[in-house]
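What follows is a single structure, written as structure tokens, with notes after it.
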Amino acid sequence: MFEIIFILVFVATLLVTGLTLMSVFAAIGLSLLVMLVLGMFGMAIKLLPWILAIAVIVWIFRQGDKAPR
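All letters in the sequence shown, in the order written, are residues 69 to 137 by this note's numbering.
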């Protein structure tokens, strides 16, 4: 929801300042790209405990797989 509000305010600000329509589209595209990157970073931080747990399980499994021959 905050992303939609951010985009609407961003577009309104650009339109009020008198920029061209192409610069408005470029600004929207850039803001979407930044929000997508930050959203993916936030999801990675949110899933970090699960990622670490899976990494530890895989590490333990690979350590147990090395049998002396």
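Cβ coordinates follow ideal geometry from the N, Cα and C atoms, glycine included.
Work out the CA separation of residue j and residue i for me, nearest whole Å.
| i | j | result |
| --- | --- | --- |
| A54 | L104 | Any answer about residue 54 is impossible in this case: the structure gives the chain only from 69 up to 137. |
| L116 | G110 | 10 angstroms |
| W118 | L89 | 44 angstroms |
| A112 | L101 | 17 angstroms |
| I128 | G107 | 31 angstroms |
| I125 | G132 | 11 angstroms |
| A123 | R130 | 11 angstroms |
| V92 | K114 | 32 angstroms |
Under the three-state reduction of DSSP, which class applies to residue i: helix, strand or coil?
| i | result |
| --- | --- |
| G86 | coil |
| L115 | coil |
With C-beta atoms as the reference, is residue i less than 8 angstroms away from residue j?
| i | j | result |
| --- | --- | --- |
| S39 | I75 | Lying before the first or after the last residue shown, residue 39 is absent from the chain, which here runs from 69 to 137. |
| A95 | L82 | yes |
Go through its chain and collect everything with a Cβ distance to residue i's Cβ below 6 angstroms, but skip five positions before and after it.
| i | result |
| --- | --- |
| I78 | Residue identity check: residue 78 is Phe in the sequence provided, not Ile. Excluding positions up to five away in sequence, the list reads S99. |
What I want to know is whether the C-beta of residue i ends up closer than 7 angstroms to one or more non-hydrogen atoms of the ligand ADP.
| i | result |
| --- | --- |
| L100 | Within the structure as shown, the ligand ADP is missing, as the structure has no ligands at all. |
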